[in-house]
Ligand SMILES: [Zn+2]
Ligand SMILES: [Zn+2]
Ligand SMILES: [Zn+2]
Ligand SMILES: [Zn+2]
Ligand SMILES: [Zn+2]
Ligand SMILES: [Zn+2]
């Protein structure tokens, strides 16, 4: 009789421990039969979604030129003109023959500048500027970032417009537990 009493005393202490280990064993090692193919991804583990970066377009607006395709020429600040350094943009230079006086050494009117003292700048043909060599006088240059297209290929989806994302339903496993 003494043995029986001892067992009754210990058993309730052991019971919660036994139940715990039993249930944790069951959830950590379910068999293959406990799984079914994930409907969300048809067992692939991933789903194809529209790329959120480019909204499915495959291209995004060039951030460098804001989609315009051209950028202001940095050499001429968009003017298309390059001030003539020979005449400082005035288009004329002091007459070489009379040094700007308008008279020759005999005191007569200079034959080269007709008494004006200036001659037309030969470097810019009197315009005072040259067409900007960098942009050929247009003031804008094709955007180097997008080759003048105004948009660039979306890096997120490599231009496909769609991306593969891990299936949230099955965490990419392609299968889910039954009755889940
Ligand atoms: Zn899935
Ligand atoms: Zn994209
Ligand atoms: Zn651009
Ligand atoms: Zn320019
Ligand atoms: Zn002269
Ligand atoms: Zn000039």
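Numbering (my numbering), first residue to last: 2 to 181. Just so it is clear, CB atoms sit at the ideal spot from N, CA and C, and this is done for glycine as well.
- The beta-carbon distance between residue 128 and residue 103, rounded to whole angstroms, is 23 Å. This is too long to meet the 8 Å contact definition.
- In this structure, residue 85 has its CB closer than 7 Å to one or more heavy atoms of ligand 6.
- Using a C-beta cut-off of 8 Å, the region 157-169 makes contact with the region 32-52, since at least three inter-stretch Cβ pairs fall below that distance.
- In terms of Cβ geometry, residue 177 and residue 39 form a close pair [threshold 8 Å].
- Residue 101 has its alpha-carbon roughly 9 Å from the corresponding atom of residue 111.
- By the neighbour-count definition (other C-beta atoms within 10 Å, threshold 16), residue 86 is an exposed residue.
- By the beta-carbon neighbour count (other beta carbons within 10 angstroms, threshold 16), residue 61 is buried.
- A check of alpha carbon separations from residue 117 across 94, 106, 76 identifies 94 as the nearest.
- Taking residue 144 as reference, the option from 134, 125, 67 with the minimal CA-CA separation is 67.
- Every residue whose beta carbon comes nearer than 5 Å to a heavy atom of ligand 3 appears here in chain order: 63, 65, 66, 144, 146, 147.
- Excluding five sequence positions before and after residue 49, the CB atoms of its chain that fall closer than 7 Å to its own CB belong to 163, 165, given in chain order.
- 146 is the residue among 57, 55, 146, 132 whose C-alpha sits nearest the C-alpha of residue 65.
- Linking residue 121 to residue 130 through their CA atoms gives a straight-line distance of about 12 Å.
- Spanning the alpha carbons of residue 83 and residue 141 requires a straight line of approximately 13 Å.
- Annotated three-state conformation of residue 33 is helix, per DSSP.
- DSSP, reduced to helix, strand and coil, places residue 60 within a strand of the structure shown.
- Residue pairing by DSSP places residue 119 opposite 95 in a beta bridge.
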